[in-house]
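Down below is the structure, laid out as structure tokens.
Quick look at the structure:
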């Protein structure tokens, strides 16, 4: 789950524009998978002019699944009989079947008229599994979240799945969305590592003396639980409070690892971009910094762009941790019937 800033990006809005111009039907151009063990996926959109595009090795230009929340067109009514119902607050949603066991690329898009945003990610559906992609807009960011859906003991369970922006080898070099990349070799990986280690972000953000990683202490957990008990005003079984403590600890651990996870994803994204460079250019960029050596403009531009990318990634990692926490807590309160007795219970956004 990651957020992307709203910014001009015509490619991200192509599917929405094609629908508006009559380029494809309201149900899109993607045909449901016909395998008997096909996975099922629901796309929930809480933003205007939202689409979910599908890419695989045979469709690198993408296929559309329909459009949601458009002022001029009715929402697509695609449904595939999923066992877990859509969220009650879903503004619009569609459902499709996916071939299991093969990596695909999915891309959420929205077009508000003055800005577009979205998220592309690789995904390998499992046989007979159900998934849900939720897409919404918050302030200057749009948020894409992927969850596994299951029925457990008669309850609907949503388990967050992390989504990362990576290369999609099946379509590399086919279009601007999937630029040509060169295969990894030990030499190229070593060169890319040296380029990344010279970057502004790594230079500034990896000083151990400046890193302070803290999770919730047992005393802090006790305080938070005591405060919650006082607000509730009624008793709940010990199992509830054991789970409450576990959820708080998980959230604290996640937040404590935000910087490390942000740096890991930053390096992955930097490497993704460097894969587009030939060996000769990597070798030049990997040279040690010296007082007399002047880096190429392209190298400076990429480094500055990646500094901005680092803060975008950090924001996404934080939002992801918070969303996962809210989902865990909402499932807990739903399981124990807290919302029926307490208006300030944990609820899904």
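Numbering (mature numbering (1 follows the signal peptide of the UniProt record, and there is no 0)), first residue to last: -28 to -1, 1 to 321.
Backbone N, C-alpha and C fix where the C-beta goes; we use that ideal spot for every residue, glycine too.
Provide the residue(s) that pair with residue i in DSSP beta bridges, ordered along the chain.
i	result
residue 15	66, 105
residue 77	27, 94
residue 39	23
residue 133	118
residue 82	22, 89
Return the CA-CA distance between residue i and residue j, expressed in angstroms with no decimal places.
i	j	result
residue 169	residue 274	14 Å
residue 177	residue 230	12 Å
residue 272	residue 140	26 Å
residue 237	residue 282	8 Å
residue 24	residue 148	18 Å
residue 131	residue 291	16 Å
residue 37	residue 1	6 Å
residue 42	residue 197	44 Å
residue 206	residue 78	45 Å
residue 18	residue 119	16 Å
residue 166	residue 99	41 Å
residue 114	residue 82	9 Å
residue 161	residue 214	45 Å
residue 263	residue 270	19 Å
residue 95	residue 265	42 Å
residue 190	residue 224	11 Å
residue 250	residue 239	19 Å
residue 156	residue 146	19 Å
residue 121	residue 56	7 Å
residue 260	residue 267	10 Å
On a Cα-Cα basis, can you pick out the residue from the options that is closest to residue i?
i	options	result
residue 211	47, 280, 313, 305	305
residue 279	3, 118, 142, 235	235
residue 288	116, 74, 190, 42	116
residue 76	302, 64, 21, 33	33
residue 320	88, 161, 14, 129	129
residue 201	190, 20, 216	216
residue 27	93, 258, 293	93
residue 294	256, 40, 227	227
residue 22	-2, 3, 7	-2
residue 143	30, 154, 74, 59	30
residue 39	6, 104, 80	80
residue 63	54, 46, 56, 74	46
residue 204	312, 90, 74, 248	312
Can you list, in chain order, the residues of its chain with a C-beta nearer than 6 Å to that of residue i? Leave out the 5 residues immediately preceding and following it.
i	result
residue 97	11, 70, 72
residue -8	Its pLDDT being 39, under 50, residue -8 is placed unreliably by the model, and the measurement read from it follows with that caveat. None.
residue 316	none
residue 106	16, 117
Excluding the 5 residues preceding and the 5 following residue i in the sequence, name in chain order all residues of the same chain whose CB lies nearer than 8 Å to its CB.
i	result
residue 208	308, 310
residue 276	172
residue 245	274, 278
residue 221	187, 188, 193
residue 219	297, 300, 301, 304
For residue i, verify whether its CB is less than 8 Å away from any heavy atom of the ligand ZN.
i	result
residue 32	For the structure depicted, the ligand ZN is absent and the ligand set is empty, with no information on it obtainable.
Keeping to the same chain, check which residues put their C-beta closer than 7 Å to that of residue i; ignore five residues upstream and five downstream.
i	result
residue 51	67
residue 163	254, 255, 258
residue 4	52, 68, 69
residue 174	168
residue 247	139, 153, 154
Restricting to runs no shorter than 4 residues, where is the alpha helix (DSSP H) found entirely within the stretch 192 to 216?
none
What are the uninterrupted segments assigned as alpha helix (DSSP H) that are 4 or more residues long and contained completely in the stretch 216 to 274, given in chain order?
230 to 246, 251 to 257
Please specify which runs of the alpha helix (DSSP H), each continuous and at least 4 residues long, are wholly inside the stretch 151 to 175, giving them in chain order.
158 to 169
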